[in-house]
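Everything on this sheet refers to the single structure shown next.
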Amino acid sequence: MLCSIMKPEVCKSIHLIMRGHKMKKMKKSLVLGSVLAATVMSSAAMAGGLTGNTGIMSDYFFRGIDQGASATANGGVDYDFGNGVDVGTWLADVGTGIEYDLYGSYSGAYSDFSYSIGYTTYRYTNNAFDSTYNEVNLSIGFGPVSIEHSIGTNEKNDGAALVAAMTDKPETDYSFSAITVEQGGVYATYGTFGKDADGSYIELGYGMEVGGFDTGIALIKNDEDLAGTLDDDGKDTDDFSMVFSLGKSFDL
56 MLCSIMKPEV CKSIHLIMRG HKMKKMKKSL VLGSVLAATV MSSAAMAGGL TGNTGIMSDY
116 FFRGIDQGAS ATANGGVDYD FGNGVDVGTW LADVGTGIEY DLYGSYSGAY SDFSYSIGYT
176 TYRYTNNAFD STYNEVNLSI GFGPVSIEHS IGTNEKNDGA ALVAAMTDKP ETDYSFSAIT
236 VEQGGVYATY GTFGKDADGS YIELGYGMEV GGFDTGIALI KNDEDLAGTL DDDGKDTDDF
296 SMVFSLGKSF DL
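Quick note on the numbering used here: the sequence shown kicks off at 56 and runs consecutively.
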């Protein structure tokens, strides 16, 4: 998932180019994550009960990192207990298998102030694509501004045992922080990785509902640590990408 914990050339060799957590409180607007996380699962955070979501993305980007697949189908199920607690799962096609995420959170709001604390685990049916990530997720918001901070661990990837850079480090600790400003469906996000990870990105996007479907467009600029691309001299370089999403949320 988080290729930024390694150099891009290592990521390429094992196809690790990969999503911020998609907890329910992040689905109600284009904040604390990419438009692909927000619009695909937004559509009006239905209060309480069981809901589902499905969608497609032109490219799967997560926290400024291209996950390597082109158009990607995804879907999930969430249950809101109505008391601030919700749990859910989200799945996406990553080309060589399926990513499936499990998460839970507790959140609340007072006037213009909101908060959330949760836990997310990202898993894969094909261990050669990537190994499990486990995160504690924290977020606060006030008006149009939201701040997210996640602390996580990437487990050893036995499927990539031939990559020396990974066999020397069974687990990798990382952190991710982001600030988002959103108004009227338009948003701007700056995100950066820390601890054993490197890299940052800027994302500008817009999302809206059209005919009952959630649509989104985003322009993403990631630095050389996240892009995984080389210039004419063979050196790491930054990159620009434009992505589109279409999704639908519904009661179950």
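C-beta atoms are modelled at their ideal positions from N, C-alpha and C, and glycine is treated no differently.
**Beta-carbon proximity check, tyrosine 242 vs alanine 233, cutoff 9 Å** = no
**Asked** Tell me which same chain residues have a C-beta within less than 6 Å of the C-beta of glycine 196, skipping the five on either side of it?
**Response** Ser169
**Asked** What's the call for asparagine 138, buried or exposed, on a 16-neighbour Cβ count within 10 Å?
**Response** exposed
**Request:** Let me know if alanine 92 comes out buried or exposed under the rule of 16 or more other beta-carbons within 10 Å of its beta-carbon.
**Result:** For alanine 92, the predicted model reports a pLDDT of 43, less than 50, meaning its position is unreliable; a value from the coordinates is still stated below. Buried.
**Message:** With DSSP as the reference, identify every bridge partner of arginine 118, one or two as the case may be.
**Reply:** The partner list for arginine 118 (beta bridge, DSSP) is empty, contrary to what the question assumes.
**Message:** Determine whether the beta carbon atoms of tyrosine 256 and lysine 276 lie at a separation below 9 Å.
**Reply:** yes
**Asked** Does DSSP classify leucine 307 as helix, strand or coil?
**Response** coil
**Message:** Could you pull the DSSP bridge partners for aspartate 185 from this structure?
**Reply:** BP columns for aspartate 185 are empty, so no partner.
**Item:** Sub-9 Å separation of asparagine 189 and isoleucine 172 beta-carbons
**Value:** no
**Asked** If you follow the beta strand (DSSP E) that aspartate 148 is part of, which residue opens it and which one closes it?
**Response** 140-148
**Prompt:** What number of angstroms, rounded off, separates the C-alpha of glutamine 160 from the C-alpha of aspartate 141?
**Reply:** Inspection of the sequence shows that residue 160 is occupied by serine rather than by glutamine. Cα to Cα, the separation comes out at about 6 Å.
**Asked** Counting only beta-carbon atoms, is glycine 260 nearer than 9 Å to chain D?
**Response** Absent from the structure: chain D. Only one protein chain is present.
**Message:** Here's the rule I'm using: 16 or more other beta-carbon atoms within 10 Å means buried, otherwise exposed. How should aspartate 280 be labelled?
**Reply:** buried
**Asked** What residue from Ala147, Phe248 and Arg118 has the CA that sits closest to glutamate 258's CA?
**Response** Arg118
**Asked** From Asn108, Asn129, Gly239 and Lys303, pick the residue whose C-alpha is nearest to that of glycine 198; which is it?
**Response** Gly239
**Item:** For glycine 152 and aspartate 121, the rounded distance between their alpha carbons
**Value:** 16 Å
**Request:** Pull up the distance between the alpha-carbon of lysine 211 and that of threonine 109, whole angstroms please.
**Result:** 31 Å
**Beta-carbon contacts of tyrosine 155 that lie in its chain and below 6 Å, excluding the five residues immediately before and after** = Leu146 and Arg178
**Message:** Our contact map puts leucine 274 next to phenylalanine 299 with C-beta atoms below 8 Å; I'd like the distance itself, whole angstroms only.
**Reply:** That belief does not hold up - the Cβ atoms of leucine 274 and phenylalanine 299 are roughly 11 Å apart, past 8 Å.
**Prompt:** From phenylalanine 305 to glycine 107, what distance separates their C-alpha atoms?
**Reply:** 5 Å
**With 16 other Cβ atoms within 10 Å as the buried cut-off, status of glycine 267** = exposed
**Nearest-angstrom Cβ-Cβ length linking aspartate 114 and serine 125, presumed shorter than 8 Å** = 6 Å
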